[in-house]
Structure formats: C-alpha cells, structure tokens
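2 protein chains.
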Amino acid sequence: MDRFLSSAINRIDAKGRVSVPGHFRSVVQKRGFGDLYGLRALDVPAMDVGGTDLLERYESRMANEDPFLQTADDMSFFVHGDGAFMKLDQDGRITVSDFIREHTGITAEVAFVGRGLFFQMWEPERLKAHGAQVRERLLKLRQRASGAAAGSAE
Amino acid sequence: MDRFLSSAINRIDAKGRVSVPGHFRSVVQKRGFGDLYGLRALDVPAMDVGGTDLLERYESRMANEDPFLQTADDMSFFVHGDGAFMKLDQDGRITVSDFIREHTGITAEVAFVGRGLFFQMWEPERLKAHGAQVRERLLKLRQRASGAAAGSAE
DNA sequence: TGGGGCACCATGGGCGTCAACGGGAATGAT
DNA sequence: ATCATTCCCGTTGACGCCCATGGTGCCCCA
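Sequence lines, in order, name chains A and B.
Sequential numbering of the first sequence, starting at 176, is according to the working numbering.
Sequential numbering of the second sequence, starting at 176, is according to the working numbering.
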C-alpha cells in the first residue's frame with residue numbers, strides 16, 4: 176500500500192521530538208519523498224503533511240491565477256509562508272516546533288491521521304471533538320434527507 | 176530546494192543587525208544572487224527581498240500599464256526609488272535601516288517569510304494579523320468555489 | 001501448542017556541530 | 001572627534017547523529 180491510511184497517537188519527548196508512525200514512513204520512502212512539507216490546514220487546527228508533490232500541486236494551481244491579483248498573492252503567502260519543512264531524523268522522528276504547536280494546540284502528544292496522499296497531525300482531544308462534529312453533520316444530513324422523503328418529525 | 180519556503184523570527188541586536196535565516200542564505204547562494212535587493216511592498220507593511228529577478232518581476236508588472244498614465248509613473252517611483260540594497264555581512268546578517276523600519280514598523284524582531292522566488296520581512300505582530308486576514312479570504316474563496324466535495328487540503 | 005528468539009518500533013538520552021547572537025576592535029565617512 | 005560600518009571572535013542553545021532500552025508482535029521450531 177502506498178497511501179497514508181489509519182491513525183496513531185505518539186508522545187512528544189523532552190526534546191520536542193515525535194516519531195512518525197512506521198507505516199507512514201514506509202509510505203514516504205515508497206513514494207520517494209526526500210523531505211516532508213507541512214502546512215497549516217485552512218479550516219481546522221491541524222497540519223497537512225506530505226511530500227514535495229503537495230507543494231507542486233499547489234504551485235501548479237497558483238500558476239492559473241493572475242500573478243498580480245490579490246488571490247495569487249494570498250495563495251503564495253499561504254503555501255510558501257505558512258508551511259515548513261519537517262525533516263525526518265535517522266530514527267524517523269520530527270521535531271514539533273512552536274510553529275506547529277500554535278496552530279494545532281499540540282502540547283504533549285500528536286495524533287497522526289492518514290488522508291490518502293498526505294497525512295495530518297492533530298492534538299488528540301481536538302481531533303476527537305472534530306470527529307464528533309463531522310459525524311454529527313453527516314448524521315443531520317441523512318436525517319434531513321430521509322425526513323424530506325417521509326415527512327417525519329425529527 | 177531552491178525556493179524561499181517557511182518562516183522564522185530573528186532578533187535585532189544592539190547594532191541594528193539581524194541574521195537572515197540560514198536556509199534563506201543557502202537559497203540566495205544557490206540562485207547566485209550577488210546582492211539582495213529589497214523594496215517596500217505595495218499594499219502591505221513588509222519588505223520584498225530577492226535578487227535582481229525581483230526587479231524584473233515588478234518591471235514586467237509596470238509594462239502592463241500605460242506609460243502616460245500616472246499609475247505607471249507611481250509604480251516606477253516605487254520600484255526604482257523605494258528600494259534598497261541589503262548587503263549580507265560575513266555572518267549572513269543585514270542591517271535594519273530606518274528606511275525599513277518606517278515602512279514595516281519593525282523595532283526589535285524581524286519575521287522572515289518565504290514566498291517562493293523572494294522572501295518578505297515583517298514586524299511579527301503585523302504578520303500575524305495579516306496572516307489571519309489572508310486565511311479568511313482564502314476560506315471564503317474556497318467556500319464560494321466548493322459546490323463539489325473537497326478535502327481539507329485541496 | 002507453547003516457548004524462545006528475532007525484528008521492528010516507540011522512546012530516552014549523550015554528544016558534536018552549526019546557526020543565532022553579542023561584543024571588541026579596526027576601518028571609513030562626516 | 002564621533003558615529004556608523006565591517007571584520008572577527010567567543011558563547012550559547014537548538015538541532016541532527018548516534019546508541020541504548022523496553023515493549024510487542026511474529027515466526028520458527030521443538
């Protein structure tokens with residue numbers, strides 16, 4: 176398998192390092208990523224982490240914009256400025272910088288979540304809360320759909 | 176990687192010097208920039224810093240303007256008159272002049288932000304505020320565009 | 001089927017290197 | 001003479017490299 180799947184929670188040590196789950200590392204290697212590139216997710220307190228192809232995908236998207244309009248500037252600001260290289264050390268660990276902590280609220284533990292072509296880093300409690308929210312939204316969606324069909328009360 | 180990516184905050188010392196982040200310096204060297212050229216960003220309180228290609232970028236922007244209109248004249252004034260060379264000393268530091276402080280509000284610390292082909296210098300608090308604005312605009316952009324399903328990193 | 005051994009992974013910590021930073025001294029400009 | 005600029009050196013703290021330990025699951029063999 177060459178995609179990021181499943182999730183795991185690892186602890187940050189006294190030096191601020193955390194092990195990237197072994198399974199994810201093998202995916203990184205299999206896809207030939209040199210360095211990992213992570214950027215702050217737009218609408219959730221998480222880091223989106225992937226290879227340099229993640230970056231290239233954004234850049235090809237930006238190439239379609241007029242470089243002198245604000246949108247292109249915003250995109251560049253977000254992709255280039257709101258991201259950071261996350262170098263794996265020889266044991267497959269990355270250091271959790273303040274840059275990451277600020278956006279995610281991560282302090283002592285990191286929840287890694289596979290997302291296919293990339294993975295995410297969350298503060299475990301926030302991930303849990305987010306998961307509950309998503310679940311609720313999906314549930315409401317379904318209830319509304321079936322309610323409209325049957326005309327039943329909620 | 177030969178592009179300016181990620182960000183860092185460095186302190187200004189008693190002599191008014193600040194270290195350019197090591198990663199940025201290696202990019203400068205790799206791209207073969209002799210001197211760094213910095214100019215006041217048009218719509219934000221930041222310095223745009225890069226090699227001579229930065230000048231070309233602005234000049235191509237001016238080429239799109241009618242040379243008889245005031246806009247072109249204003250732009251030329253900005254690009255050619257409102258810029259400054261920023262020489263790196265032996266330790267990779269530059270001096271933060273009043274010219275820079277006036278436009279950016281920088282006093283004690285400088286936030287360096289990678290922007291791909293160039294980088295920016297910000298007063299850290301202002302950068303934070305600007306980042307929040309950008310984030311908001313991009314979020315709106317995405318919400319407007321998403322009739323279809325979209326992952327959080329797309 | 002149970003047990004020993006092996007491999008892998010998460011975690012902790014020692015240590016060397018380098019970047020950021022502070023400051024002294026020489027040089028140059030006004 | 002005074003101030004700003006540049007060179008050079010030392011300090012410090014963060015980070016990368018390396019090794020050790022303990023836990024867990026797997027496999028092989030008795």
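The beta-carbon is built from N, C-alpha and C at its ideal position, and this holds for glycine as well.
Cα-Cα, which of the options is closest to residue i?
i	options	result
residue 215 of chain A	A:274, A:300, A:312	A:274
residue 208 of chain A	A:217, A:227, A:199	A:227
residue 190 of chain B	B:200, B:304, B:278, B:271	B:271
residue 302 of chain B	B:291, B:312, B:281	B:281
residue 178 of chain A	A:279, A:204, A:276	A:204
residue 350 of chain A	B:200, B:294, B:259	Since the first residue of chain A shown is 176 and the last is 329, residue 350 of chain A is not available in this structure.
residue 176 of chain B	B:184, B:183, B:201	B:201
residue 187 of chain B	B:312, B:297, B:304	B:297
residue 278 of chain A	A:290, A:259, A:184	A:259
residue 199 of chain B	A:206, A:255, A:180	A:255
residue 183 of chain B	B:312, B:320, B:299	B:299
residue 235 of chain B	A:210, A:241, A:237	A:241
residue 262 of chain B	B:237, B:276, B:225	B:225
residue 213 of chain A	A:312, A:322, A:276, A:304	A:276
residue 245 of chain A	B:239, B:180, B:217	B:217
residue 211 of chain B	B:185, B:304, B:292	B:292
residue 238 of chain B	A:238, A:237, A:243	A:243
Please state the DSSP three-state secondary structure of residue i.
i	result
residue 313 of chain A	helix
residue 189 of chain A	coil
residue 208 of chain A	coil
residue 328 of chain B	For residue 328 of chain B, the pLDDT reaches just 44, beneath the cut-off of 50, and the residue's location in the model is therefore unreliable, although a value from the coordinates is still provided. Reduced to three states, the DSSP call for residue 328 of chain B is coil.
residue 321 of chain A	helix
residue 181 of chain A	coil
residue 195 of chain B	coil
In chain B, which residues lie less than 7 Å from residue i when you measure between Cβ atoms?
i	result
residue 286 of chain A	Those within 7 Å of residue 286 of chain A in chain B number zero; the least Cβ separation is about 15 Å.
residue 256 of chain A	182, 288, 289, 290
residue 259 of chain A	181
Cβ closer than 9 Å: which chain B residues qualify as neighbours of residue i?
i	result
residue 228 of chain A	None at all; the shortest Cβ gap to chain B is about 12 Å.
residue 253 of chain A	306, 309, 310, 313
residue 246 of chain A	312, 313, 316
Can you pull the chain A residues whose beta carbon is under 7 Å from the beta carbon of residue i, in chain order?
i	result
residue 312 of chain B	249
Residues of chain A with CB closer than 9 Å to the CB of residue i, please, in chain order.
i	result
residue 195 of chain B	Result: empty, since nearest Cβ-Cβ is about 16 Å, beyond 9 Å.
residue 317 of chain B	217, 218
Which chain A residues are close to residue i, counting only those with a beta carbon under 8 Å from its beta carbon?
i	result
residue 236 of chain B	243
message: Could you check whether the region 309-316 of chain B touches the region 243-262 of chain A, counting it as contact only if at least three pairs of C-beta atoms, one from each stretch, sit closer than 8 Å?
response: yes
- prompt: Could you give the uninterrupted runs of the alpha helix (DSSP H) lying entirely in the region 244-306 of chain B, keeping only those of 4 residues or more?
  reply: 245-251, 273-279
query: Are the region 221-239 of chain B and the region 290-310 of chain A touching by the rule of at least three beta carbon pairs closer than 8 Å?
result: no
task: Decide if the region 268-287 of chain B is in contact with the region 218-226 of chain B; the criterion is three or more beta carbon pairs, one per stretch, under 8 Å apart.
output: yes
query: In chain order, which beta strand (DSSP E) runs of at least 3 residues are fully inside the region 208-244 of chain A?
result: 211-215, 222-225
field: Stretch pair the region 260-273 of chain B + the region 181-196 of chain B: three plus CB contacts closer than 8 Å
entry: The count of Cβ pairs closer than 8 Å, one atom from the region 260-273 of chain B and one from the region 181-196 of chain B, reaches three, so the stretches are in contact.
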